[in-house]
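Protein chains in written order, with our numbering: chain C, 1 to 657; chain D, 1 to 369. We put the beta carbon where it would ideally sit given N, CA and C, even for glycine. These notes are about the structure you will find just below.
Here it is in structure tokens:
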């Protein structure tokens, strides 16, 4: 009965959302009473969807194969954690997870948004409910997770083996939290457009939500990248796969939104632009979640899809995104711009950042969708691969990284570029020195690698320049410096730390791209291979049964140049239910570098073994984690941050001291 | 008796809980809409004013620091003043609280929509069936021999039970008791009317019982089936195969062709039928191996000239290398592999190409350690 109750809870939640959407969007001027009802409705939607989701979890955990979804995607022998994560390792279940997060955020706005003006609150909750109703309806009528089987099979068909990994428990929830979080910004933007008002409450709400969603999205993408790196067995960490791009585009747009929301919160400027970016970012999030389900794309992320589903999802997307842009076109002129600033100022730098990021989104969008459109319209199949993205994206990021350290040093409204440049001289000198040092040690030929290194060091050092500057390190006693550092506002710390993380990620990318080495060879137990000073010896090969798979396990011992040895197990698994193989790469970590080993197919009694040495690859993900940490730090800063005239005055006076 | 009870009670309990949940949700919404006055508007106004004061202070500070010219400051202040006036002149244009009637009709809509959709989509009479509860039932179903024995004993008492024979016949085929299965299909045909499918099933059981020795009776049955149903492909396939075995190639070819003509799209047996037709047309000699080599040679010729001239994807290069290996032309395979490595220097991009090359013993000069 629990399954049917879950089904009913989902339907009831959708009915409540449908009525709330109509009520909220039609009677938004009605004030406080409606706001009370809508807040209650948001909480109810969350509770009911949570019940529905738990019913699915219970059915999966108890291997109730009278639930078609569990029969198709679970197996009684799977470990419990994968039974539970299997709930969202499929189209229907992941859709319900998406909606669960949507209603969770709606409930959070209801719980913490009591001080919002009633009309804004009504419009926001109305729009959120509209999203819940639209996607809930899509779930119920085309992809119902609660479909039943009259004669349950004895055993389930099992989950795609690649997904039977701890990564599935972490990556989708984080990514969805990021995607869906931007729905709040979207709803606020729609509310602003309908009511024609963007007041301070609007700005104060949008920035933390953007920051929260962006933090989740950063973590989700980083986790997905690391998962692909260790699970797919190719040693790559980013493939420019259409679905990766689909998650990357909202991140780029979200980064732009984050910075423009900052300007808006502090200086009351860039209002229309912020509204526009809010719509764009959530539209790209929808594209990211649903492009994979439309049947247009094929990739690791593609769930089984049928044409009806694709058509319905494209219709919903077209209506939501098209409707939002139509509303924008009609109403944006009614919004008032505000805030004055000179071209060279913090605001100006942030606009420049926005332009570069928006162009990068455009480049990735073109590279992702153009082959699809071309295929659909003319039947010509072309593939836009990594070279296109590396070139266009790299060309756009280089100038962005170059100007990045200037941004935080420029005062609001009107700035002195030369003064900012002087304060960055130390960082620049350090970056150049380290680049030359590393390049000469690394024995680089003429390539782009030194330029990449230079940019990475420049961003990393430049981002902490402001913090060091403010601590007056070396000019006042050390304890005084520490005291000053501790006293700095968290917003300054989070800016510096976030940019530092970006610098580290850039360094990791450049290092792996320039100095990665690889070796493909055949090995038998007892034989050895070498790569970049590391020696691998193949100890033994055996077949080991797992809970729901058979594993061909190779035991390897890696000897580092320093002499330390590490034992590694690389596996090739064949899953019983599906007969599908997966590879489990063996990875040894040395500091920030990794040695990556993959056991390939056996050929004539010998084994193909692929080896990679990936210097400083961990910096890529550590940098992303640091960026996300900066986002959390910024969220804990609850001060009302309006304008920065006092700080600007101080920075102008300092050179006179 | 107990099972019957729980079958009737299950949906009742479900509907009771579902209606209770709906009632609680509606009551919560109505309670929230009782319109308790919360003075949030005033808070908002105070916030807005303090915000404007801060901005004003900011402009003054900038002016004092010489960051903006006096006329710019004046402009900014003017802008700010206009903004304040606008905020004052344009308060939330409340259109009056929503009426109780709207609220009630909204709640009624929720009840109707939710119960209505569930009535269409739901299965209230289906209990949950977790694995633990299901294994006993399943274990009983699994014992096919016991089931066959039970049906057989029932059929001894009532030998004219068509349903019993219909269940029994495929089960006997399943467990390899082909002669008895053929007998059972015979009973079904006698008790009902002969259809092409039943005749074919009986012929299949006879052929399986004969263990590849052939059966005249089976051939007769298949001919009957073919005559009975001009659209039945399975009987034609079996007949063609039998005729091929009996070296009657002319007639076999005729039935292979007939079966192929009946194919709707990509039936799984289609390639086998095509090959069967080719064998029959060639008087029993399998030419497919020669044809395949010829085909590969033709394909390799065009593919290699194109790839060497214009380049191509990794998949195409892999195909070329694999084709040379199949043809036993290792020197050319090595050349093609080297060209592919030159075109795709990173092993990651080359995919399975390296594995193919390794398997054929080619030199892997591309993968530098």
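(Q) Looking only at its chain, what residues have a beta carbon closer than 6 Å to the beta carbon of residue 260 of chain D, apart from the 5 residues adjacent to it on each side? (A) One-based indexing of the second chain puts residue 260 of chain D at position 260. Result list for residue 260 of chain D: 273, in chain order.
Q. Which residues in the same chain have their Cβ closer than 6 Å to the Cβ of residue 180 of chain D, if we skip the five residues on either side of it in sequence?
A. For this step, residue 180 of chain D is matched to residue 180 along the second chain. Same-chain partners within the cutoff: 172.
Q) Whose Cβ in chain C lies nearer than 9 Å to the Cβ of residue 211 of chain D? A) In the second chain, the residue the question calls residue 211 of chain D occupies position 211. Result: empty, since nearest Cβ-Cβ is about 30 Å, beyond 9 Å.
**Q.** Continuous alpha helix (DSSP H) assignments of at least 4 residues falling wholly in the region 194-242 of chain D
**A.** 196-210, 216-228
Q.
Could you check whether residue 399 of chain C and residue 511 of chain C sit closer than 8 Å to each other, using their CB atoms as the reference points?
A. Looking up residue 511 of chain C in the first chain gives position 511. Looking up residue 399 of chain C in the first chain gives position 399. No, they are not a contact pair.
Q: Measure the C-alpha to C-alpha separation of residue 342 of chain C and residue 210 of chain C and round it to an integer number of angstroms.
A: Here residue 342 of chain C corresponds to residue number 342 of the first chain, with the count starting at 1. Here residue 210 of chain C corresponds to residue number 210 of the first chain, with the count starting at 1. Distance between the alpha carbons of residue 342 of chain C and residue 210 of chain C is about 26 Å.
**Q.** Chain-ordered neighbours of residue 566 of chain C on chain D, where CB pairs are closer than 8 Å
**A.** Residue numbering aside, residue 566 of chain C sits at position 566 when the first chain is read from its first letter. What residue 566 of chain C touches in chain D: nothing, since even the nearest Cβ is about 19 Å away.
**Q.** Opening and closing residue of the alpha helix (DSSP H) in which residue 107 of chain C lies
**A.** For the purposes of this step, residue 107 of chain C is identified with residue 107 of the first chain, where counting begins at 1. Residues 91-112.
Q) What number of angstroms, rounded off, separates the C-alpha of residue 552 of chain C from the C-alpha of residue 241 of chain C? A) Here residue 552 of chain C is taken as the residue at index 552 of the first chain, counted from 1. Here residue 241 of chain C is taken as the residue at index 241 of the first chain, counted from 1. Rounded to whole angstroms, residue 552 of chain C to residue 241 of chain C spans 29 Å at the Cα level.
Q.
I want to verify the contact list: residues of chain D whose CB lies under 7 Å from the CB of residue 144 of chain C, in sequence order.
A. As a position in the first chain, residue 144 of chain C is number 144, starting the count at 1. Result: 121.
Q) In the region 585-619 of chain C, which residues sit with their C-beta less than 9 Å from some C-beta in chain D, listed in chain order? A) 600, 601, 603, 604, 606, 608, 610, 611, 612
Q: Please state whether DSSP places residue 520 of chain C in a helix, a strand or coil.
A: Taking the first chain and counting its residues from 1, the one referred to as residue 520 of chain C is at position 520. Reduced to three states, the DSSP call for residue 520 of chain C is strand.
Q. Comparing the C-beta of residue 42 of chain D with each C-beta of chain C, is any distance below 8 Å?
A. The residue given as residue 42 of chain D occupies position 42 in the second chain. Low confidence applies here, because residue 42 of chain D scores a pLDDT of 41, under 50, leaving its location unreliable and the question unanswered by this model.
**Q.** Assigned secondary structure, residue 233 of chain C (DSSP; H/G/I helix, E/B strand, else coil)
**A.** By one-based count along the first chain, residue 233 of chain C stands at place 233. Correct three-state label for residue 233 of chain C: coil.
Q: Check the Cβ-Cβ distances between residue 14 of chain D and every residue of chain C, and say whether any is below 8 Å.
A: Position 14 of the second chain holds residue 14 of chain D. It does; some Cβ of chain C falls within 8 Å.
Q.
If the criterion is Cβ atoms closer than 8 Å, does the pair residue 323 of chain D and residue 296 of chain D meet it?
A. As a first step, residue 323 of chain D is located in the second chain; it is residue number 323 there, counting from the start. As a first step, residue 296 of chain D is located in the second chain; it is residue number 296 there, counting from the start. Going by C-beta atoms, residue 323 of chain D is nearer than 8 Å to residue 296 of chain D.
Q: Taking only beta-carbon positions, decide if residue 179 of chain C is within less than 8 Å of chain D.
A: One-based indexing of the first chain puts residue 179 of chain C at position 179. Judged by the 8 Å Cβ criterion, residue 179 of chain C is not in contact with chain D.
(Q) Taking contact to mean 3 or more Cβ pairs, one atom from each stretch, closer than 8 Å, check whether the region 488-497 of chain C and the region 464-477 of chain C are in contact. (A) yes
Q. Thinking C-beta only, is residue 321 of chain C closer than 8 Å to residue 283 of chain C?
A. As a first step, residue 283 of chain C is located in the first chain; it is residue number 283 there, counting from the start. As a first step, residue 321 of chain C is located in the first chain; it is residue number 321 there, counting from the start. It is a contact, given that the beta carbons lie within the stated cut-off.
Q) Hey, does residue 64 of chain C have any beta-carbon neighbour from chain D nearer than 8 Å? A) If you number the first chain from 1, residue 64 of chain C lands on position 64. Cβ-Cβ to chain D under 8 Å: yes for residue 64 of chain C.
**Q.** Beta-ladder partner(s) of residue 597 of chain C, from DSSP
**A.** In the first chain, the residue the question calls residue 597 of chain C occupies position 597. DSSP, once it has assigned bridges, lists C/586, C/611 as partnering residue 597 of chain C.
Q. In whole angstroms, what separates the C-alpha of residue 332 of chain D from that of residue 300 of chain D?
A. In the second chain, residue 332 of chain D corresponds to position 332, counting from 1. In the second chain, residue 300 of chain D corresponds to position 300, counting from 1. When rounded, the distance between both Cα atoms is 11 Å.
Q) How should residue 31 of chain D be labelled, buried or exposed, when 16 other C-beta atoms within 10 angstroms of its C-beta is the threshold for buried? A) Within the second chain, residue 31 of chain D is the residue found at index 31, counting from 1. The residue is exposed, with fewer than 16 neighbouring Cβ atoms inside 10 Å.
Q: Express the C-alpha separation of residue 189 of chain C and residue 666 of chain C in angstroms, rounding to a whole number.
A: Here chain C covers residues 1 to 657 and nothing more, so residue 666 of chain C does not appear.
Q) Got a sec: is the Cβ-Cβ distance from residue 188 of chain C to anything in chain D below 8 Å? A) In the first chain, residue 188 of chain C corresponds to position 188, counting from 1. Not an interface residue.
Q: Rank D/307, D/9, D/344, D/256 by C-alpha distance to the C-alpha of residue 124 of chain D and give the top, closest one.
A: The residue given as residue 124 of chain D occupies position 124 in the second chain. The shortest Cα separation from residue 124 of chain D among D/307, D/9, D/344, D/256 belongs to D/9.
Q) What residue from C/410, C/326, C/382 has the CA that sits closest to residue 348 of chain C's CA? A) Looking up residue 348 of chain C in the first chain gives position 348. Out of C/410, C/326, C/382, C/410 has the C-alpha closest to the C-alpha of residue 348 of chain C.
Q: Return the CA-CA distance between residue 94 of chain C and residue 44 of chain C, expressed in angstroms with no decimal places.
A: As a first step, residue 94 of chain C must be located in the first chain, where it is residue number 94. As a first step, residue 44 of chain C must be located in the first chain, where it is residue number 44. Cα-Cα distance, rounded: 21 Å.
Q: Ignore the nearest five residues each way along the sequence and tell me which others in residue 255 of chain C's own chain have a CB closer than 7 Å to its CB.
A: As a working note, residue 255 of chain C is residue 255 in the first chain. The residues are 214, 357.
Q) Are the CB atoms of residue 88 of chain C and residue 135 of chain C nearer to each other than 8 Å? A) Mapped onto the first chain, residue 88 of chain C falls at position 88. Mapped onto the first chain, residue 135 of chain C falls at position 135. Not a contact, by the Cβ cut-off of 8 Å.
(Q) Taking its Cβ as the centre, do 16 or more other Cβ atoms sit within 10 Å of residue 433 of chain C, making it buried, or is it exposed? (A) The residue given as residue 433 of chain C occupies position 433 in the first chain. Its Cβ having fewer than 16 others within 10 Å, residue 433 of chain C is exposed.
Q: Classify residue 325 of chain D as buried or exposed, calling it buried when 16 or more other Cβ atoms lie within 10 Å of its own Cβ.
A: Position 325 of the second chain holds residue 325 of chain D. Buried: at least 16 other Cβ atoms inside 10 Å.
Q: Return no unless some Cβ of chain C is closer than 8 Å to the Cβ of residue 18 of chain D.
A: As a position in the second chain, residue 18 of chain D is number 18, starting the count at 1. Yes, its Cβ sits closer than 8 Å to a Cβ of chain C.
Q: Kindly confirm or deny that the region 53-73 of chain C and the region 558-565 of chain C touch, where touching means at least three C-beta pairs closer than 8 Å.
A: no
Q: Indicate the three-state DSSP secondary structure (helix, strand or coil) for residue 7 of chain C in the structure shown.
A: Within the first chain, the letter at position 7 stands for residue 7 of chain C. Three-state DSSP puts residue 7 of chain C in a helix.
Q: Please say whether residue 19 of chain C and residue 196 of chain D have beta carbons closer to each other than 8 Å?
A: As a working mapping, residue 196 of chain D is identified with position 196 in the second chain. As a working mapping, residue 19 of chain C is identified with position 19 in the first chain. No, the Cβ-Cβ distance between residue 196 of chain D and residue 19 of chain C is not below 8 Å.
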